[in-house]
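Undergrad: In this text, residue positions in the first sequence follow numbering that gives the first Met the number 0: the first is 0, and each later residue adds one.
By construction, the Cβ of each residue, glycine as well, lies at the ideal position given by its N, Cα and C atoms.
Bear in mind that the values here come from a model prediction, so they are computed numbers and not experimental data.
Structure incoming, see below.
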Amino acid sequence: MTIVDTLARAISEAFGELGVKIAPEEIKLERPARLEHGDLSSNVALVLSKRIGAAPRELAAQLVAALEGRTIVHVEGIEIAGPGFVNFRLANSWLHDVLKQVVTEGEEGYATPNLGGGERVQVEFVSANPTGPLHVGNGWLGSYGDALSRLLRRCGWQVSTEYYVNDTGNQIRMLGESVLARRSGSEVPEQGYQGEYVTDLAVRYQGPEDVVTAGKFAAEEILGVIRTTLDRLGIVYDEWYSQASIEESGRVDEAIAMMRDRRLVYELDDATWLRSTELGDVRDRVLVKANGDATYLAGDIAYHRDKFLVRGFDRVIDVFGADHHGQVASLEAGVEALGIDRTRLEVKLGQLVSLVSGRMSKRSGNYVRLDELIDQIGPDATRLMSLMSSIDQASTLDLDAVTSKSMDNPVFYVQYAYARISSIGRVCEERGVVRAPLADAPLQLLVHPRELDLLRTLYSLPDVVREAARERAPFKVTNFVRALAGEFHGFYHDHRVLGDEVSTAETQARLWLVEATRIGLSIGLALLGVSAPESM
RNA sequence: GCGCUCGUAGCUCAAUUGGAUAGAGCAUCUGACUACGGAUCAGAAGGUUGGGGAUUCGAAUUCCUCCGAGCGCACCA
């Protein structure tokens, strides 16, 4: 039972004595922004005042009076503040218990809220067309999708990651045309791919003068490059799913037949249409063109049928760039047309990344390649940069600032904290200092603000993980890791763990504090897919 | 024109989902090492949350309305 549960129950019981019914689950206890407002705060009096029509402060006063009659573990003082907040001041022993919990549960056990309950969820992300190397924006969403998958796994979901390979259709033909044009030394078509990589591919292509063959060759080669890039970032997929395989297996026809059975398909002007207007889309969509080819949408619907009905995922999360948001309504309509509850499909739209430097202003086809960024700042920095803010926020990358000044990148700050911790461990070994069992550690010696701040932040980790998973917002873990690293640097600066000026008892208590911090950093960094180096 | 996503310090971003005096980093200025790793720490300065209305004990957050930005509105993928 956590301190929050204990308090919520006590408040609920106190209100019960006053003749007011409120369940412990309804009572919110939050950590106030300011320390002077206590360690935990509840707005229950404000919320209840609306319900029962009493003045908030009056209600709060009655609550406090009722609470003061009883003793609650760790609670040192209760105050009413502002419009009617009830603030609880807790004894340090509260935080010492947090330390115990962190080190007892460890990296595997601490902050593992079970939200998913074993539900099978698929996360699809990047899925960039194999017509060119990945750019920085792909890296952003790649880091996002990967970190989100790690988060969901930690929170009790059974996660499968997937890359949807668009290895068919016009784009591949155009790619083949571009390769053949380069090989014969003629002009690449207007709509073709102009990048230098096409020339390299043309040199290596030995096959016949056929756009499809050349296109497939090129796509496979490029996909290999894409895999290598993602690999450098530590992004690993469980599945690479071919669009061509969907079309070739007849699954598109099956999907259309299913929708037809549900009377949501009709013929008009030699084409086959989905009645998507009835399912929330702004217009009906073509599934099969007049020339007999299936549209991309038809393939996409068949693909999602495969996800839900063939492979049996309970939930699917698609991570798209915001430039694809035009597809969302029709895809959702398609999923519903298959009789699948549309709330099982979550589409996360990542706002696009733009560049502040002049690099984008160069001629078309000249974007910043993800490999280039990784070359310059390394995989860890690339990932952390990507995971610094919400994907709902359009972000701007200042490539010059990021690459020239390492201070502009917080990854070093965080990793340095971890390296310092590891360094303490090495010095312990040199000096023969051994950390005694937790039960013997005099944790009550941890009383300085720096020490308590560390523990407060560690206390928040389970909530951070829960929120980040629920909101699909891994950047919250980044914020946590930065805060924890910052507090560690402050602690490290002000207090020594080892040395003549600290007692052996203090050393023991602080060694455990350091270990708890290490666990917190380790959990956070692992969720982000950023390495935790023992030295730098 | 219609729709979606947004607009917070000079810059990059937060803000416990309606809570208390809107916070961090970078950049700027000032200060701190005979030390377990200074890739660190402390302080200063920086704001009419794009503008204006509405809702209530309370709004950056919800609702209108302007202004501005990005993206999307195919029998392309």
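Going straight from the alpha carbon of S360 to that of W511, what length do you get?
TA: As a first step, residue 360 is located in the first sequence; it is residue number 361 there, counting from the start. As a first step, residue 511 is located in the first sequence; it is residue number 512 there, counting from the start. Any reading at S360 needs caution, since the residue's pLDDT is 36, under 50, leaving its predicted position unreliable; the model's value is listed next. Distance between the alpha carbons of S360 and W511: 53 Å.
Undergrad: For E514 and D379, what's the separation of their Cα atoms in angstroms?
TA: Residue 514 sits at position 515 when you count from the first residue of the first sequence. Residue 379 sits at position 380 when you count from the first residue of the first sequence. So the alpha carbons of these two residues sit roughly 23 Å apart.
Undergrad: Which term fits I245, buried or exposed, when burial requires 16 or more other beta carbons within 10 angstroms of its beta carbon?
TA: Mapped onto the first sequence, residue 245 falls at position 246. I245 is buried by the Cβ-count criterion.
Undergrad: Would the segment 326-345 count as touching the segment 98-108 if we require 3 or more Cβ pairs under 8 Å?
TA: No, because fewer than three Cβ pairs between the segment 326-345 and the segment 98-108 fall closer than 8 Å, the two stretches do not touch.
Undergrad: What are the partner residues of V318, as DSSP defines its beta bridges?
TA: Here residue 318 refers to the residue found at position 319 of the first sequence. Per DSSP, K347.
Undergrad: If you run the structure through DSSP and keep just helix, strand and coil, what is F87?
TA: As a first step, residue 87 must be located in the first sequence, where it is residue number 88. If DSSP states are grouped into helix, strand and coil, F87 belongs with the strands.
Undergrad: Okay, do the segment 149-167 and the segment 256-273 touch, 3+ Cβ pairs below 8 Å being the bar?
TA: Cβ pair count under 8 Å is below three, so no.
Undergrad: Which residue or residues does DSSP assign as beta-bridge partners of S183?
TA: Translated into positions along the first sequence, residue 183 becomes position 184. DSSP output for S183 lists no bridge partner at all.
Undergrad: Under three-state DSSP, which class holds V432?
TA: To locate residue 432, count along the first sequence from 1; it is residue 433. Note: V432 maps to coil in three-state DSSP.
Undergrad: Could you tell me the alpha carbon to alpha carbon distance between V122 and V287, rounded to whole angstroms?
TA: Within the first sequence, numbered from 1, the residue matching residue 122 stands at position 123. Within the first sequence, numbered from 1, the residue matching residue 287 stands at position 288. Distance between the alpha carbons of V122 and V287: 28 Å.
Undergrad: Would you give the residue range spanned by the beta strand (DSSP E) that S40 belongs to?
TA: For this step, residue 40 is matched to residue 41 along the first sequence. Note, S40: beta strand (DSSP E), L39 to S41.
Undergrad: Around the Cβ of Q205, are there at least 16 other Cβ atoms within 10 angstroms (buried) or fewer (exposed)?
TA: Your numbering for residue 205 matches position 206 in the first sequence. Exposed.
Undergrad: In whole angstroms, what is the alpha-carbon distance linking L369 and W139?
TA: Taking the first residue of the first sequence as 1, we reach residue 369 at position 370. Taking the first residue of the first sequence as 1, we reach residue 139 at position 140. Distance between the alpha carbons of L369 and W139: 9 Å.
Undergrad: As an exercise, report each continuous alpha helix (DSSP H) stretch of at least 4 residues that is fully enclosed by the segment 24-70, in chain order.
TA: Entirely contained in the segment 24-70, the alpha helix (DSSP H) runs reaching 4 residues are, in chain order, 43-51 and 55-67.
Undergrad: Taking the alpha-carbon of V85 as reference, which of A217, N128 and H36 has the nearest alpha-carbon?
TA: Locating residue 85 in the first sequence gives position 86, counting from the first residue. The shortest Cα separation from V85 among A217, N128 and H36 belongs to H36.
Undergrad: What three-state label does DSSP hand E466 in the structure shown?
TA: Numbered from its first residue, the first sequence carries residue 466 at position 467. Helix at E466.
Undergrad: Cβ of L45 versus every heavy atom of the ligand GTP: is any distance shorter than 7 Å?
TA: Looking at this structure, you won't find the ligand GTP or any other ligand, since it has none at all.
Undergrad: Of all the options E24, L58, V46 and M0, which has the alpha carbon lying nearest to the alpha carbon of E16?
TA: Residue mapping note: residue 16 aligns to position 17 of the first sequence, counting from 1. E16 has its Cα closest to that of L58, out of E24, L58, V46 and M0.
Undergrad: Please classify N365: is it buried, with 16 or more other beta-carbons within 10 angstroms of its beta-carbon, or exposed?
TA: Here the question's residue 365 lines up with position 366 in the first sequence. Note that N365 scores a pLDDT of 48, beneath 50, so its modelled location is shaky; the value from the coordinates is reported in the next line. When all chains shown are included, N365 counts as exposed.
Undergrad: Quick one: what does DSSP say L200 is sitting in, helix, strand or coil?
TA: For this step, residue 200 is matched to residue 201 along the first sequence. Helix, per DSSP.
Undergrad: Just to confirm before moving on: does the CB-CB distance between A146 and L527 stay below 8 Å?
TA: On the first sequence, position 147 is the one that residue 146 refers to. On the first sequence, position 528 is the one that residue 527 refers to. Contact flag set, yes.
Undergrad: Considering G141, what are the terminal residues of the alpha helix (DSSP H) in which it resides?
TA: In the first sequence, counting from the first residue as 1, residue 141 sits at position 142. First-last of the alpha helix (DSSP H) with G141: V135 to R153.
Undergrad: Might you give, ordered along the chain, the residues of its own chain that have their beta carbon closer than 6 Å to the beta carbon of I225, omitting 5 neighbours on each side?
TA: Working through the first sequence from its first residue, we reach residue 225 at position 226. Once the five neighbours on either side are set aside, the close Cβ partners of I225 are L133.
Undergrad: Please list, in chain order, all residues of the same chain as R362 whose beta carbon is under 7 Å from its beta carbon, the five residues on each side excluded.
TA: Along the first sequence, read from residue 1 onward, the residue named residue 362 stands at position 363. Residue placement at R362 is poorly supported in this model, since its pLDDT is 36, which falls under 50; the coordinates still yield a value, given next. So the list is empty, once near-sequence residues are dropped.
Undergrad: By Cβ distance below 8 Å, which residues in the same chain neighbour T198 in space, the five residues on each side in sequence not counted?
TA: Looking up residue 198 in the first sequence gives position 199. Excluding sequence neighbours, T198 sits near R181.
Undergrad: Who are the near neighbours of V178 in its chain, counting only those whose CB is closer than 8 Å to its CB and skipping five residues on each side?
TA: The residue given as residue 178 occupies position 179 in the first sequence. Hits under 8 Å: V197, L200, A201, Y204, A213, G214, F216 and A217.
Undergrad: So is A256 buried or exposed if we call it buried at 16+ other beta carbons inside 10 Å?
TA: As a working mapping, residue 256 is identified with position 257 in the first sequence. Result: exposed.
Undergrad: Could you tell me which residues DSSP puts in a beta bridge with I225?
TA: Here residue 225 corresponds to residue number 226 of the first sequence, with the count starting at 1. Answer is none; I225 lacks a bridge partner.
Undergrad: For A90, which residues in the same chain have their Cβ closer than 6 Å to its Cβ, ignoring the five residues on either side in sequence?
TA: The sequence position of residue 90 within the first sequence is 91, counting from 1. Contacts found: H73 and E75.
Undergrad: Look up W93 in the DSSP assignment and give the residues it is bridged to.
TA: Counting from 1 along the first sequence, the entry for residue 93 is found at position 94. Partner(s): none; W93 has no beta bridge.
Undergrad: Across the segment 122-131 and the segment 155-173, are there enough close Cβ pairs to call them in contact, namely three or more that are closer than 8 Å?
TA: Counting Cβ pairs under 8 Å, three or more are found: they touch.
Undergrad: Would you identify the three-state DSSP class for Y162, choosing helix, strand or coil?
TA: By one-based count along the first sequence, residue 162 stands at place 163. Strand at Y162.
Undergrad: Terminal residues of the continuous alpha helix (DSSP H) containing L510?
TA: Reading the first sequence from its first residue, position 511 is the one you call residue 510. Counting along the chain, the alpha helix (DSSP H) containing L510 begins and ends at T503 to L527.
Undergrad: Would P82 be called buried (16 or more neighbouring beta carbons within 10 Å of its own) or exposed?
TA: The count along the first sequence starts at 1 and reaches residue 82 at position 83. Its Cβ having fewer than 16 others within 10 Å, P82 is exposed.
Undergrad: Hey, quick one: how far does the beta strand (DSSP E) through Q540 stretch, first residue to last?
TA: This structure cannot speak to residue 540, because the chain is shown only from 0 to 535.
Undergrad: Enumerated in chain order, which unbroken segments of the beta strand (DSSP E) with a length of 3 residues or greater are wholly contained in the segment 244-284?
TA: The qualifying runs are 264-267 and 270-273.
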